[in-house]
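Colleague:
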Amino acid sequence: MRAPFAVKLHANIFPVSFRAVSEPKTRSASSPLLLLLRVNAIHSWRRLLAIREQSRLLSGIIGIFVAGYLVLAFELFYHGMKFVAKFPGLGAVLTERLLYTLFAFLFALLLLSNLVIAYTNLFRNHETAFLLTLPVSTQTIFRWKFIESTVLASWAFLFLIAPLLVAFGLVRGVPWHFYPLTVLLIGLFIILPGVLGAALAILIGRFLDRRSFQIALLLLALVLLAFVAFWWKSTPVDDDLLDKRTMEALDRLLAKTRFTMFPFLPSYWLSSAVLQWAEGITSGAVFFAAVLLSHTLFFGSIAFTQFGKLFYNTASAVQSRSGNGFKFNFSRVRAGRSAAPGFLEKIFEKLFWLAPDTRALAVKDVRMFWRDTTQWGQSVMFFGLLGAYIINLRNFTHQLTSPFWINAVAFLNLGACAFNLASVTTRFVFPQFSLEGRRLWIVGMSPMGLARIVKTKYWLASAASLSVTLGLVTLSCYLLKMPWTDVAFFGAVITAMTFALNGLAVGLGVLFPNVKETNPNKIVSGFGGTLCFVLSSTYIIASLALLVAGGGGFHARTDLAFICITAFVALSFMVGWLPMKWGIRQLKNFEA
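Numbering-wise (the working numbering), the sequence shown opens with residue 10 and increments by one.
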């Protein structure tokens with residue numbers, strides 16, 4: 010799809026540029042940007058029409074998934090807020106603190122998302138490299154990529170909070186103008202993390218090859234992790250305080266969320282405007298809306314007028330590097346000699362039971378994964394947040410005295426880990442076969458054959474992901490002070506889920522390949538990637554339902570537990586084995 014788009018864009022931009030030189034008064038300076046917006050909007054619309062015409066199944070699956078999430082999320086938020094509102098005096102306090110905390114954390118997540126997507130869009134994107142060869146100003150190119158990155162990073166944020174805000178409005182009984190005002194405020198809000206994320210992406214891209222900058226980043230990450238580990242601790246509240254002074258106990262329980270009410274946070278301005286407008290305090294809502302608007306206009310104008318030159322200098326520096334900016338290599342080459350065994354080779358050589366060609370393929374895949382900063386950076390972010398949450402379980406395990414709540418938290422942690430794994434396998438494991446690209450016929454002619462290559466990718470992905478998921482689930486059960494039999498049970502469950510989800514991702518990646526595309530994001534956004542995530546989510550929900558219905562394999566009827574666990578094992582086997590079998594059978598068409 011890139012070639013027609015590139016030809017069309019090239020044919021449209023050149024006349025505009027030449028006319029702009031000869032007739033400066035008849036064309037505005039923003040014409041190339043408007044042309045880019047129009048061409049990409051038409052291109053995206055045609056892609057949607059093509060998907061609907063080519064695969065009505067995909068359109069139906071996406072529609073059902075979106076509608077199901079919106080309905081389910083709205084029901085959960087609505088009934089939850091309605092339940093909290095029943096407590097006189099406490100309901101309003103809890104709801105307000107919930108909104109402050111939610112928007113503060115979403116601001117941080119939006120910042121990380123904008124950083125990752127902006128770095129990829131600005132410096133690792135073929136379209137950006139093509140646009141830099143055209144007679145278009147670098148400021149215009151940056152403006153377009155900034156808009157694209159902000160939209161890509163923020164649509165999930167809007168999709169997430171829409172049911173919450175609708176439920177909040179219905180519970181509070183707000184007037185109709187609350188909803189359009191909230192949409193406007195959120196539109197202003199998402200620009201600020203977009204600007205900050207783009208600035209950080211330019212900064213990191215410019216100085217990433219410097220050892221001092223790498224050390225500073227590492228030290229900053231360690232300091233932040235230590236700060237969170239020691240500061241984010243729950244404050245224990247005794248029973249006497251709970252009985253006598255409810256508001257004081259509530260204030261102590263929510264003490265660690267006070268930072269979300271810092272007046273200079275953009276999330277505080279948004280939350281305050283929404284809450285005060287819902288309560289009818291128009292003057293206060295207008296004030297915070299004006300504060301948000303002024304900061305958005307100020308920083309947005311800086312980005313739109315000053316970041317173009319910085320972007321071009323950084324892009325030149327990034328493209329002139331031989332690697333991704335990291336000095337740490339997994340292999341080394343001595344002068345006048347062949348490449349000496351690197352760090353990865355030495356590790357995999359210890360796996361003597363593997364064939365040499367299998368070890369070589371594993372080394373290649375690991376090295377390619379390491380070289381792509383955006384891939385392992387997102388993986389660390391996915392499981393890092395979950396790991397930070399699990400580590401902090403020790404701060405409130407003393408408040409969980411009932412076996413029911415301990416098991417409930419354990420199953421919730423299992424579900425969170427499984428959904429994180431589903432996201433990672435869909436994002437990184439599914440496109441592995443397609444990323445071999447048009448060189449696939451060369452790989453197929455090797456002595457290994459495509460079948461062994463696919464199996465090697467499956468076992469490598471399963472082993473790597475299992476080392477993370479099994480460790481997190483085991484740590485979670487240990488911090489909950491569960492007996493070792495229960496720890497072994499949850500460990501066995503997450504192991505089965507890991508192999509099943511990786512088998513599903515690898516198998517569907519072979520069944521729905523896209524060897525013409527080199528961008529893994531676009532590979533995942535196709536029919537196969539969407540189907541993989543939907544099936545993974547359905548499998549996780551069905552598995553958790555079976556395990557909970559059976560009592561988790563303990564503290565329940567033996568016959569019911571045996572039936573549910575057997576059904577879970579059978580479901581995991583089918584989810585992991587059938588796609589792999591069909592995928593390997595499909596390989597005969599590639600080898601023919």
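Ideal Cβ positions, reconstructed from N, Cα and C, are used throughout, including at glycine. For clarity, every value in this text was computed on a predicted model and none was experimentally measured.
1. Decide if M377 is buried, meaning its Cβ has at least 16 other Cβ atoms within 10 Å, or exposed.
2. L226 to G206, Cα distance in whole Å?
3. Identify whether I290 lies in helix, strand or coil by the three-state DSSP scheme.
4. Is it the case that the Cβ atoms of L556 and V502 are separated by a distance below 8 Å?
5. Taking the C-alpha atoms as reference points, what is the distance between L45 and E136?
6. Please list, in chain order, all residues of the same chain as N134 whose beta carbon is under 6 Å from its beta carbon, the five residues on each side excluded.
7. Rounded to whole angstroms, how far is the Cβ of T434 from the Cβ of S545, which I believe are closer than 8 Å?
8. Using 8 Å as the cut-off, can you tell me whether the stretch 584–597 makes contact with the stretch 502–519, which would need three or more C-beta pairs spanning the two stretches below that distance?
9. Taking 8 Å as the CB-CB limit, is I70 close to chain C?
10. To the nearest angstrom, how far is it from the Cα of K466 to the Cα of V375?
11. Assuming N130 contacts E157 (C-beta within less than 8 Å), just tell me the rounded distance between them.
12. When you compare each of D568, G559, A505, V584 to C541 by their alpha carbons, which one comes out closest?
13. Would you say the stretch 137–144 touches the stretch 48–61, given that touching needs at least three Cβ pairs under 8 Å?
14. When the distance is taken between beta carbons, is W286 closer than 8 Å to L173?
15. If you count every other CB in all the chains shown that lies within 10 Å of the CB of V463, and 16 or more means buried, which is it?
16. Is DSSP giving R133 helix, strand or coil here?
17. Please name the residue, chosen from I572, Q315, F582, that lies closest to Y548 on a Cα-to-Cα basis.
18. In chain order, which continuous runs of the alpha helix (DSSP H) of length 4 or greater are located wholly inside the stretch 171–244?
19. In three-state DSSP terms, what is V16?
20. Judging by CA-CA distance, which residue of F83, A431, L469 is the nearest neighbour of K373?
21. Give the straight-line distance between the Cα atoms of A369 and T507, rounded to the nearest whole angstrom.
22. Should S474 be labelled buried (16 or more other beta-carbon atoms within 10 Å of its own) or exposed?
23. With 16 other CB atoms within 10 Å as the buried threshold, where does A299 fall?
24. What is the DSSP secondary structure of F92, counted as helix, strand or coil?
25. In the DSSP assignment, find the alpha helix (DSSP H) that holds P412 and state where it starts and stops.
26. Look at the alpha carbon of R56 and the alpha carbon of G535, and state the distance between them as a whole number of angstroms.
27. Please name the residue in L81, A431, L121 whose C-alpha comes closest to that of F168.
28. Y87 to V180, Cα distance in whole Å?
29. Do the CB positions of F177 and M270 come within less than 8 Å of each other?
30. Keeping to the same chain, check which residues put their C-beta closer than 8 Å to that of T110; ignore five residues upstream and five downstream.
31. N422 to P144, Cα distance in whole Å?
32. Rounded to whole angstroms, what's the CA-CA distance from A9 to A431? Just pull it up for me.
33. If we ignore side chains and look at the alpha-carbon of each, how far apart do G196 and P202 end up?
34. Around the Cβ of K597, are there at least 16 other Cβ atoms within 10 angstroms (buried) or fewer (exposed)?
Modeller: To lay it out plainly:
1. Looking at its Cβ environment, which holds fewer than 16 other Cβ atoms inside 10 Å, M377 is exposed.
2. Spanning the alpha carbons of L226 and G206 requires a straight line of approximately 16 Å.
3. Look at I290 here: in three-state DSSP terms it is coil, with no helix or strand label.
4. Contact: yes.
5. Distance between the alpha carbons of L45 and E136: 11 Å.
6. Cβ within range, chain order: n/a, list empty.
7. Yes, T434 and S545 are in contact; Cβ-Cβ is about 7 Å, under 8 Å.
8. Short answer: they touch.
9. Here chain C cannot be found, since the structure has a single protein chain.
10. For K466 and V375, the gap between their C-alpha atoms comes out near 10 Å.
11. Correct: roughly 6 Å between the Cβ atoms.
12. Comparing Cα positions, the closest option is V584.
13. Here the stretch 137–144 does not lie against the stretch 48–61, with fewer than 3 beta-carbon pairs under 8 Å apart.
14. Between L173 and W286, the C-beta gap is not smaller than 8 Å, which leaves the two residues out of contact.
15. By the neighbour-count rule (16 or more Cβ atoms within 10 Å), V463 is buried.
16. In the structure shown, R133 sits in coil (DSSP, three-state: anything other than H, G, I, E or B).
17. The option with the nearest alpha carbon to Y548 is F582.
18. Here the runs fully enclosed are 187–198, 200–216, 220–240.
19. At V16, the pLDDT of 42 sits below 50, so the modelled position is not reliable and the matter cannot be decided from this model.
20. Comparing Cα-Cα distances from K373 to each of F83, A431, L469, the minimum goes to L469.
21. Between A369 and T507, the C-alpha separation is close to 24 Å.
22. When all chains shown are included, S474 counts as buried.
23. Under the 10 Å beta carbon count, A299 is surrounded by fewer than 16 other beta carbons and is classified as exposed.
24. Three-state DSSP puts F92 in a helix.
25. First-last of the alpha helix (DSSP H) with P412: 412–433.
26. Approximately 10 Å, taken between the alpha carbons.
27. In terms of Cα proximity to F168, the closest of L81, A431, L121 is L81.
28. For the pair Y87 and V180, the Cα-to-Cα distance works out to about 7 Å.
29. Their beta carbons are not under 8 Å apart, which means F177 does not touch M270 by this criterion.
30. The answer, listed in chain order, is T266, T269.
31. For the pair N422 and P144, the Cα-to-Cα distance works out to about 53 Å.
32. The shown model of the chain, from 10 to 601, leaves out residue 9, and the question about it has no answer.
33. The alpha-carbon atoms of G196 and P202 are separated by roughly 11 Å.
34. Flag for K597 reads exposed.
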